[in-house]
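Quick note: the sequence shown uses numbering that gives the first Met the number 0, first residue 0, plus one each step.
Glycine is no exception: its CB is placed at the ideal position from the N, C-alpha and C atoms.
See structure below.
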Amino acid sequence: MKTLTLLRHAKSGWDDPVARDFDRPLNPKGQRAAAMVGRHMKALGLAFDHVVASPAARVVETLDHLGQGYGSELAPAWDKRIYLASPATLIDVVHDLPAGAEHVLLVGHNPGLEELVLQLVPNGTLRDQVAIKFPTATLAEMNFEVEGWREVQAGNATLTRFVRPRDLDPSLGPDGH
């Protein structure tokens, strides 16, 4: 069995004057949310054999704050393909994961992550929640009854966890401050 955990970057600062979207940093709420999700991951005992992430500034910063909450650095492999990737590109990234990795964390962007979950997971209450919205700093964990990552395909995942920052702290929800 393989486990793929997806994490959408935390809330970024749209009012920050950066020349490129790629360079947009997190806002203070995003920083708090990433640290909170990191603490939650530690409390759940989540551990990863491999971490792969978009090199965009908001993802790098999300991982920094996540690591502070988690209690250790996650040391990702940076993959430019993940930046604003389509679900098809994300499937390519998954198919290229190291064979020996059993539990992988992939950190990236929407709409690709949300669409990937909807493509891989055929049904279920958690899937319905993803279809409504996959907010920033949200964690989605999927299990695959496969031997290798190349066997991951549409409809063969079970969504076992979907955790939004507001589930952990209501002030991190859309109306929080």
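- For lysine 28, the uninterrupted alpha helix (DSSP H) run begins and ends at 27-43, by DSSP.
- Within a 10 Å sphere around the beta-carbon of isoleucine 131 sit fewer than 16 other beta-carbons, which makes this residue exposed.
- Looking only at Phe21, Gly154, Gly12 and Glu144, the smallest Cα-Cα distance to glutamate 114 is reached by Gly154.
- Between alanine 136 and glycine 29 the beta-carbon gap is near 7 angstroms, inside 8 angstroms, which marks them as a contact.
- Scanning Ala84, Trp13 and Thr157 for the CA closest to the CA of asparagine 109 turns up Ala84.
- Here the stretch 94-101 makes no contact with the stretch 116-132; the two share fewer than three CB pairs at distances below 8 angstroms.
- When C-alpha distances from glutamine 152 are compared across Phe161, Asn142 and Arg160, the shortest belongs to Asn142.
- Beta-bridge annotation (DSSP): glycine 107 is paired with Arg7.
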